[in-house]
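Some notes on the structure that comes next.
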Amino acid sequence: MPAFRSVGIVANPQRPDVPEAVTSAIAWLQRRGVRVSADPDSHRRLQLAVPPFAWDSLASEVDLLLTFGG
212 MPAFRSVGIV
222 ANPQRPDVPE
232 AVTSAIAWLQ
242 RRGVRVSADP
252 DSHRRLQLAV
262 PPFAWDSLAS
272 EVDLLLTFGG
């Protein structure tokens, strides 16, 4: 069982290397059985195939928050 069951992603889509890094991280996490979600802006702007999380309930939704691109 993974140490983290749920991971949230926040990304800066203006950085050219971010979309590929985020997509790779999502695939890696999902292969390990981790539930992944993204902040609503990253979800929309990068067209991520994971559900968006709600900022007001973030602490109860994710075990770890990863940020990409500063």
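Those letters in the sequence shown? Residues 212 to 281, per our numbering, in order. We put the CB at the ideal spot given by N, CA and C, even for glycine. Quick caveat: nothing in here was measured; it's all calculated off a predicted structure.
Residue from the options whose Cα sits closest to the Cα of residue i
i    : options                   : result
T278 : L259, S217 and N223       : N223
A236 : P227, R226 and V247       : V247
A249 : Q225, G281 and I220       : I220
D252 : A238, A265, D228 and E231 : A265
A260 : P230, S268 and R226       : P230
Alpha-carbon to alpha-carbon, residue j and residue i
i    : j    : result
V273 : S217 : 5 Å
R241 : V233 : Looking at the sequence provided, one finds Gln at residue 241 rather than Arg. Distance between the alpha carbons of Q241 and V233: 12 Å.
A238 : Q225 : 21 Å
Q258 : D228 : 15 Å
Neighbourhood of residue i by C-beta distance below 6 Å, restricted to the same chain and skipping five residues each side
i    : result
L275 : F215 and V218
H254 : P263
G281 : N223
Other residues of its chain near residue i: CB distance less than 8 Å, five sequence neighbours each side excluded
i    : result
V245 : P213, F215, R216, S217 and V218
*Jot down the residue ranges of each uninterrupted beta strand (DSSP E) in the segment 233-270, minimum 3 residues, whole runs only, in chain order.*
If one requires a minimum length of 3 residues, the beta strand (DSSP E) runs lying completely within the segment 233-270 are 246-249, in chain order.
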